[in-house]
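Below is one structure, written out as structure tokens, with a few remarks after it.
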Amino acid sequence: MINKDLQLNEFLFSSGVTNIATRDGYGEGLLSLAQENENIVVLTADLAESTRVDKFEEKYPDRFFECGISEQNMVAVAAGLGVTGKRVFTSSYATFSPGKNWETIRTTVCYNDSDVKIAGHHAGIMTAQDGATHQATEDIALVRCLPNMKVFVPADYFEAIRITEYVGKIYGPAYIRFSREKTPVITTEKTPFEPGENFSYWVSDKPECIIFATGYLLYFSLLAAKKLKEEGIEVEVVNVSSIKPINEENIVNKVKDVRKVVTVEDHQVAGGMGSMISEILSKECPSQISFMGLQDRFGESGKSFELVSKFGLDDVGIKNTVLNLLKK
Amino acid sequence: MPSDISDKKVKFLEEKALEIRELIIEMLLNAGSGHSAGPLGMADVFSSLYFHTLNHIPSKPDWEERDRLVLSNGHICPVRYAAMALSGYFPLSELKTLRQLGSRLQGHPHRTSLPGLETTSGPLGEGVSQAIGIALAGKMNKKDYHVYVVTGDGEHDEGNIWESVMMGARYKLDNLTVIIDRNNIQIDGFTEDVMPLESLKNKYESFGWHAEDIDGNNIREIVLTLDKVKTIHEMPSVIIARTIPGKGVHFMENNYYWHGNPPNKEQAKMAMKDLRTLKNKIESEY
Ligand SMILES: Cc1ncc(C[n+]2csc(CCOP(=O)(O)OP(=O)(O)O)c2C)c(N)n1
Ligand SMILES: [Mg+2]
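If you read the protein sequences in the order shown, they are chains A and B. 366 is the number that the working numbering gives the last residue of the first sequence; the numbers go up by one with no jumps. 1380 is the number that the working numbering gives the last residue of the second sequence; the numbers go up by one with no jumps.
Here you go:
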């Protein structure tokens, strides 16, 4: 059942559940940060409106810089600002930042330990009709391996606000991943977020399988959990919004009596959240894991939810993966 | 090398450009997403390339001797898809599949999905470099083909463009022509507000290129300039094609809202009406 302690959206399972894009949460979070801290600076590379920093630009024109279409230049400029006491958010699409400008981030932001936050927008196949060039499905892998970098993936609009506000209050490099599409609101303003802790959103006294989901796919994982329960199968669903830092003990404790795991992400299975979970579990708690995500192939053009189904990442796909794993 | 072009040929190319524009509107309406302004503005250049300049055989997209056309600003691909279908690369009916699941016409061009696209593009700044690779191979293999690259003006914010511009001059690539869609818009506004580019012509010239500055919606000028740059030796050429974004559809012209939005049903109807009026005008002018 739904974890009551987390005060989730009570209309989560209704057909009229509200949909808001996580990028809108980013825009909101920036506005509240800017009000409290005048060192917050925002940069974009010709994508102000679609990365939702247009309102910030309007309200704080002196703290906003338009870099033109130059992602490499943008992060290096941010790194320069970030060593002077400014706290800088760079806003572009995840395929270009951290994609195109990765080594620049590695050296000038991470190794340099500059106070720069990378907002990677339009991540995943949810970028839909634009096709594979614009669907970042490798970004988690790219940033997760960088020393000094923190990595977060909000599951919904409210969590996007909370994570944006959190990284805006701490020093140092951080990456946040956002989607373009409007997705179901899962949490409320009261739902806790703690860096490193990944809460179980669907709980059970005796789960047969643990589902780790990241981003909006948490919603489909919860739907799958509900359907499985209707068939008498108990699972637990964990929202992995904090990829780095991560409390490893917490992950192991959830799995150690179950040892059957499904990971769900809108990302390549190589190097993403699932890889991270398996790295943790293989140390002390070897388990059977089914990795859901893109299986070493690029995305393609299509309508967003059509693609989620095509790649088997909807509630039906997740439910079937759990059932298959339980048969093994 | 013809130093002039007949009125009849100009009329033919203008009509093809209009057909391309009509197909663009239909495709985008069907897809429900995509870019309107760039493709419409570049219809005259694409008509000139596909129906006059390029040495190509649409039924043999892999023909070794073909001229290569690299589309660096991949988001304007509807104009290329329309020109390709009209010249016989694939059936016109396939245009309806743009951006749909399973289509060969991906939202941004994917080389291995559709024969006749020389590269994959969408992420800006990467086309001139790839064209240099193709042009270098042409020289190495003693092939006569010419390499054309279409780029955006906003795209010139990318440092990668200037890295490749230096290299094009370094290797004296006279088999390479860059065409810039100088429509003065990008996503966040007018190019000169977002990141001033002028003087583009002086920049290219000081980098060692032959540069031409033309009206990119004037077929005669486009065709004659494309002919002329092939006669330039020992250096690559750039054609700065001044275009009107959204050209031909009055409410889209010069408005950057239309950079990344498709028309709805009502707007598509109005657009088609504009384009039909233009057709009648061409008829009466010649
Ligand atoms: C590397 C990269 N950064 C950002 C984008 C997003 N983007 C797509 S089109 C565009 C504007 C391009 O401007 P321009 O080249 O002038 O094309 P136009 O808008 O005139 O069609 C941007 C920023 C991209 N496709 N690639
Ligand atoms: Mg432009």
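Ideal Cβ positions, reconstructed from N, Cα and C, are used throughout, including at glycine.
Practice task
Name the two residues that bound the continuous beta strand (DSSP E) containing residue 452 (chain A).
Solution key: Because residue 452 (chain A) is not part of the residues shown, which for chain A are 39 to 366, the question remains open.
Exercise for the section: Decide if the region 57-77 of chain A is in contact with the region 271-290 of chain A; the criterion is three or more beta carbon pairs, one per stretch, under 8 Å apart. Expected result: no
Practice task
Assign residue 1217 (chain B) to buried or exposed, taking buried as 16 or more other Cβ atoms, counted over all protein chains shown, within 10 Å of its Cβ.
Solution key: Indexing the second sequence from 1 puts residue 1217 (chain B) at position 123. So residue 1217 (chain B) ends up on the buried side.
Practice task
Please report how far the alpha carbon of residue 1182 (chain B) lies from the alpha carbon of residue 71 (chain A), in whole angstroms.
Solution key: Residue numbering aside, residue 1182 (chain B) sits at position 88 when the second sequence is read from its first letter. Residue numbering aside, residue 71 (chain A) sits at position 33 when the first sequence is read from its first letter. Using only the alpha carbons, I get a separation of about 56 Å.
Exercise for the section: For the region 1311-1374 of chain B, list the alpha helix (DSSP H) runs that are entirely contained and at least 4 residues long, ordered along the chain. Expected result: 1313-1323
Practice task
Check distances from the C-beta atoms of the region 1187-1218 of chain B to those of chain A and list, in chain order, the residues that come in under 9 Å.
Solution key: 1192, 1193, 1194, 1195, 1196, 1197, 1199, 1200, 1201, 1202, 1203, 1204, 1207, 1214, 1215, 1216, 1217 and 1218
Exercise for the section: Can you tell me which of the three DSSP states residue 1219 (chain B) falls into? Expected result: Sequence index remark: in the second sequence, residue 1219 (chain B) carries index 125 (1-based). Coil at residue 1219 (chain B), not helix or strand.
Practice task
Return the CA-CA distance between residue 1338 (chain B) and residue 1286 (chain B), expressed in angstroms with no decimal places.
Solution key: As a working mapping, residue 1338 (chain B) is identified with position 244 in the second sequence. As a working mapping, residue 1286 (chain B) is identified with position 192 in the second sequence. Whole-angstrom Cα-Cα distance: 15 Å.
Handout entry: Validate contact between the region 295-309 of chain A and the region 219-233 of chain A using beta carbons, cut 8 Å, 3 pairs
Key = no
Practice task
Look up residue 1095 (chain B) in the DSSP assignment and say whether it is helix, strand or coil.
Solution key: For the purposes of this step, residue 1095 (chain B) is taken as the residue at position 1 of the second sequence. Low per-residue confidence applies at residue 1095 (chain B): pLDDT is 47, beneath 50, and the placement is therefore not dependable enough to give any value.
Practice task
With a threshold of 16 other CB atoms inside 10 Å of the CB of residue 1095 (chain B), please say whether the residue is buried or exposed.
Solution key: Within the second sequence, residue 1095 (chain B) is the residue found at index 1, counting from 1. Note on residue 1095 (chain B): pLDDT 47, under 50, position unreliable in the model; the coordinate value appears next. So residue 1095 (chain B) counts as exposed.
Practice task
State buried or exposed for residue 45 (chain A), treating a residue as buried only when at least 16 other CB atoms are found within 10 Å of its CB.
Solution key: Working through the first sequence from its first residue, we reach residue 45 (chain A) at position 7. Flag for residue 45 (chain A) reads exposed.
Practice task
Indicate the three-state DSSP secondary structure (helix, strand or coil) for residue 40 (chain A) in the structure shown.
Solution key: As a position in the first sequence, residue 40 (chain A) is number 2, starting the count at 1. It is a strand residue.
Exercise for the section: Could you spell out the range, first to last residue, of the alpha helix (DSSP H) harbouring residue 110 (chain A)? Expected result: As a first step, residue 110 (chain A) is located in the first sequence; it is residue number 72 there, counting from the start. From DSSP, the alpha helix (DSSP H) with residue 110 (chain A) extends over 109-120.
Practice task
Check each residue's C-beta against every heavy atom of ligand 2 and list, in chain order, those closer than 7 Å.
Solution key: B:1132, B:1246, B:1247, B:1248, B:1275, B:1277, B:1278, B:1279, B:1280, B:1285 and B:1339
Practice task
Return helix, strand or coil for residue 1104 (chain B), following the three-state DSSP convention.
Solution key: If you number the second sequence from 1, residue 1104 (chain B) lands on position 10. Residue 1104 (chain B): helix per DSSP, three-state reduction.
Exercise for the section: Quickly, what does DSSP pair residue 1304 (chain B) with across the bridge? List them, please. Expected result: Counting from 1 along the second sequence, the entry for residue 1304 (chain B) is found at position 210. B:1331, per the DSSP bridge assignment.
Problem - Chain-order list of residues whose beta-carbon lies under 6 Å from that of residue 1110 (chain B) (same chain, five-residue window excluded) - result: Position 16 of the second sequence, counted from the first residue, corresponds to residue 1110 (chain B). Excluding positions up to five away in sequence, the list reads 1141 and 1145.
Problem - residue 1158 (chain B), buried or exposed, once every other Cβ within 10 Å from all chains shown has been counted against 16 - result: As a working note, residue 1158 (chain B) is residue 64 in the second sequence. Its Cβ having fewer than 16 others within 10 Å, residue 1158 (chain B) is exposed.
Handout entry: Contact under 7 Å by Cβ, residue 171 (chain A) with residue 57 (chain A)
Key = The count along the first sequence starts at 1 and reaches residue 171 (chain A) at position 133. The count along the first sequence starts at 1 and reaches residue 57 (chain A) at position 19. Against a cut-off of 7 Å, the Cβ pair of residue 57 (chain A) and residue 171 (chain A) comes out as no contact.
Problem - Range covered by the alpha helix (DSSP H) that runs through residue 1271 (chain B) - result: Within the second sequence, numbered from 1, the residue matching residue 1271 (chain B) stands at position 177. Careful: residue 1271 (chain B) lies outside any alpha helix (DSSP H), inside the beta strand (DSSP E) at 1270-1276.
Practice task
Reducing DSSP to helix, strand and coil, say where residue 1380 (chain B) ends up.
Solution key: Here residue 1380 (chain B) corresponds to residue number 286 of the second sequence, with the count starting at 1. Of the three classes helix, strand and coil, the one that applies to residue 1380 (chain B) here is coil, per DSSP.
Problem - Helix, strand or coil at residue 64 (chain A) [DSSP, three-state] - result: Taking the first residue of the first sequence as position 1, residue 64 (chain A) is located at position 26. If DSSP states are grouped into helix, strand and coil, residue 64 (chain A) belongs with the helices.
Problem - Any chain B beta carbon closer than 7 Å to residue 67 (chain A) - result: By 1-based counting over the first sequence, the position of residue 67 (chain A) is 29. Answer no: the Cβ-Cβ gap between residue 67 (chain A) and chain B never drops below 7 Å.
Handout entry: Under 8 Å (Cβ pairs) to chain A, residues found in the region 1284-1317 of chain B
Key = 1288 and 1289
Exercise for the section: Name, please, each residue of chain A whose Cβ falls closer than 9 Å to the Cβ of residue 1127 (chain B). Expected result: Position 33 of the second sequence, counted from the start, is the residue given in the question as residue 1127 (chain B). Chain A residues near residue 1127 (chain B): 166, 167 and 168.
Exercise for the section: Give the residues of chain B in contact with residue 138 (chain A), contact being defined as C-beta atoms less than 7 Å apart. Expected result: By one-based count along the first sequence, residue 138 (chain A) stands at place 100. Simply 1217.
Exercise for the section: Would you identify the three-state DSSP class for residue 1171 (chain B), choosing helix, strand or coil? Expected result: Within the second sequence, residue 1171 (chain B) is the residue found at index 77, counting from 1. The answer is helix: DSSP assigns residue 1171 (chain B) an H, G or I state.
Problem - residue 1169 (chain B) Cβ short of 6 Å to ligand 1 heavy atom set - result: The residue given as residue 1169 (chain B) occupies position 75 in the second sequence. Yes; taking the cut-off as 6 Å, the Cβ of residue 1169 (chain B) has a heavy atom of ligand 1 nearer than that.
Practice task
Could you tell me which uninterrupted beta strand (DSSP E) segments, each at least 3 residues in length, are contained entirely in the region 248-280 of chain A, listed from first to last along the chain?
Solution key: 273-277
Practice task
Using a Cβ-Cβ cut-off of less than 9 Å, list which residues of the region 1236-1266 of chain B approach chain A; keep chain order.
Solution key: 1246, 1248, 1249, 1250, 1251, 1252, 1253 and 1254
Practice task
Count the other CB atoms, across all protein chains shown, that sit within 10 Å of the CB of residue 105 (chain A); report buried if there are 16 or more and exposed otherwise.
Solution key: Within the first sequence, the letter at position 67 stands for residue 105 (chain A). The residue in question, residue 105 (chain A), is buried, as its Cβ has 16 or more Cβ neighbours within 10 Å.
Practice task
Report yes if the CB atom of residue 1259 (chain B) is closer than 7 Å to the CB atom of residue 1213 (chain B), and no otherwise.
Solution key: Locating residue 1259 (chain B) in the second sequence gives position 165, where the first residue counts as 1. Locating residue 1213 (chain B) in the second sequence gives position 119, where the first residue counts as 1. No.
Problem - Bounding residues of the beta strand (DSSP E) (the contiguous stretch that carries residue 367 (chain A)) - result: Since the first residue of chain A shown is 39 and the last is 366, residue 367 (chain A) is not available in this structure.
Exercise for the section: Have a look at residue 1376 (chain B) and residue 1108 (chain B) and give me their C-alpha separation to the nearest angstrom. Expected result: In the second sequence, counting from the first residue as 1, residue 1376 (chain B) sits at position 282. In the second sequence, counting from the first residue as 1, residue 1108 (chain B) sits at position 14. The alpha-carbon atoms of residue 1376 (chain B) and residue 1108 (chain B) are separated by roughly 8 Å.
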